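A.B. asks:
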Amino acid sequence: LGAASVDGSLVVAPWWYDPYLLWYRGNTAERAGLDTTKPIVWDDLLAGAERLGGTVQIDDPDGQGLASWVNALVAGAGGTLLDGSGRKPDLGLDSAAGRVAAGVVEYYAEVGLGEGPSEDAPARFAADPNGFLLAPSSVISDPALRDVATDLSWTSYPAVSSTSVAPLTGVGLGVPLYARHTKQSYDAIACLQSDESLARLMTSAGHASAKSSTFDSPTVRSGYPLGPVVEAAVTSGVALPSTPYWQRVRVALDDTWLPVDDVSSTSTPARSQKAVRTLVGGGLR
């Protein structure tokens with residue numbers, strides 16, 4: 049509900065929310081020295097991938113990948129990237145949590161595990177038997193993974209400390225104020241939000257229902273093996289901040305956190321917060 053609300057008011061009906069998970073092939077995690085029965089912390093994941101000579105690919109299916117990554121890292125470190133829908137929101141990049149987030153990105157870049165979020169991450173992962181992939185739960189239906197689908201395993205998103213806080217991507221359904229067929233639109237939303245429709249969506253397209261009751265469906269229990277991990281991730285995950293100036297926030301983050309080779313835990317958080325403050329406040333790049 050938080051992801052579908054602005055200033056405490058529900059503005060869309062939650063439909064599906066796909067949390068990012070950690071994907072790997074076969075016994076890659078075991079060979080990297082990772083225990084998938086408990087939360088894997090970022091430092092252990094990156095060190096394990098480095099030992100194997102593999103990569104950590106980060107999926108960016110919609111151009112929000114860098115922002116989602118930074119937002120989740122800040123939240124996982126106990127902070128909040130942005131709070132408030134006006135021109136002067138509270139920002140949490142230039143903080144202890146922001147510096148921890150930048151430290152993770154800095155380590156990732158230093159050991160050469162990848163270029164950061166990219167739209168071809170699934171294909172790169174499929175070509176690397178020693179690699180890992182951070183991607184939404186629905187990536188399981190991505191054609192790029194077709195050849196390795198039977199060898200895929202998954203676990204919860206890496207934790208900054210002790211709790212996994214995964215990026216959430218998803219879709220909410222709304223009806224415009226001046227829609228011509230308001231009643232039919234609400235009826236359609238009610239149909240799409242039914243447990244039956246959502247169960248079909250999960251087992252066919254791989255999208256995760258925004259309703260916890262759907263996970264108890266016999267259809268989902270038998271046909272959606274990701275269920276337990278995904279349900280927990282939806283509960284503990286973090287969506288992008290709700291602000292009408294989000295595209296300005298995203299641009300500022302891209303400008304200050306890319307390329308990942310230039311990220312510094314000592315300078316990036318303050319520089320990034322200043323850039324976000326400027327653009328959200330109406331300034332120019």
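Read in order, the letters of the sequence shown are residues 49 to 333 in this note's numbering.
Glycine is no exception: its CB is placed at the ideal position from the N, C-alpha and C atoms.
Here the structure is a predicted model, which means the values were calculated and not measured.
Rounding to the nearest angstrom, what Cα-Cα distance links V196 and G96 in this structure?
C.D. replies: 21 Å
A.B. asks: Give me the residue from V328, A145, S320, V282 with the minimum Cα distance to G290.
C.D. replies: The question names Gly, yet the displayed sequence has Ser at residue 290. Looking at the Cα atoms, V328 is the closest of the given residues.
A.B. asks: Need the endpoints of the alpha helix (DSSP H) that Q105 sits in, please.
C.D. replies: Careful: Q105 lies outside any alpha helix (DSSP H), inside the beta strand (DSSP E) at 104 to 107.
A.B. asks: Report the partner residues of R73 according to the DSSP bridge assignment.
C.D. replies: L200
A.B. asks: Looking at the secondary structure, which residues open and close the alpha helix (DSSP H) in which G146 lies?
C.D. replies: 144 to 158
A.B. asks: If we count Cβ pairs, one from each stretch, closer than 8 Å, do we get three or more for the segment 67 to 75 versus the segment 206 to 222?
C.D. replies: yes
A.B. asks: Tell me the residue span of the alpha helix (DSSP H) that contains A183.
C.D. replies: Where A183 is concerned, there is no enclosing alpha helix (DSSP H), although the beta strand (DSSP E) it sits in stretches over 180 to 184.
A.B. asks: Counting Cβ pairs closer than 8 Å, one from the segment 130 to 148 and one from the segment 316 to 332, do we hit at least three?
C.D. replies: yes
A.B. asks: When the distance is taken between beta carbons, is V311 closer than 8 Å to V122?
C.D. replies: no
A.B. asks: Inspect the beta-carbon positions of G164 and P62 and report whether they are closer than 8 Å.
C.D. replies: no
A.B. asks: Does the Cβ of Q232 have 16 or more other Cβ atoms within 10 Å, making it buried, or fewer, making it exposed?
C.D. replies: exposed
A.B. asks: Report the CB separation of A281 from Y205 in whole angstroms; it is logged as a contact under 8 Å.
C.D. replies: 6 Å
A.B. asks: Under the DSSP definition of a beta bridge, which residues are partnered with G220?
C.D. replies: P62
A.B. asks: Assign V59 to one of two classes, buried (16 or more other C-beta atoms within 10 Å of its C-beta) or exposed (fewer than that).
C.D. replies: exposed
A.B. asks: Express the C-alpha separation of F173 and H255 in angstroms, rounding to a whole number.
C.D. replies: 20 Å
A.B. asks: Taking the Cβ atom as the reference point for each residue, do L161 and E78 lie within a distance shorter than 8 Å?
C.D. replies: Going by C-beta atoms, L161 is not nearer than 8 Å to E78.
A.B. asks: Using DSSP bridges, identify the partner residues of L94.
C.D. replies: DSSP output for L94 lists no bridge partner at all.
A.B. asks: For S212, list the residues DSSP reports as bridge partners.
C.D. replies: A207
A.B. asks: Using the C-alpha atoms, what's the distance from P177 back to T304?
C.D. replies: 32 Å
A.B. asks: Tell me which residues share the same chain as V223 and place their Cβ nearer than 8 Å to its Cβ, disregarding the 5 neighbours each side in the sequence.
C.D. replies: Cβ within range, chain order: T230, S233, Y234, I237.
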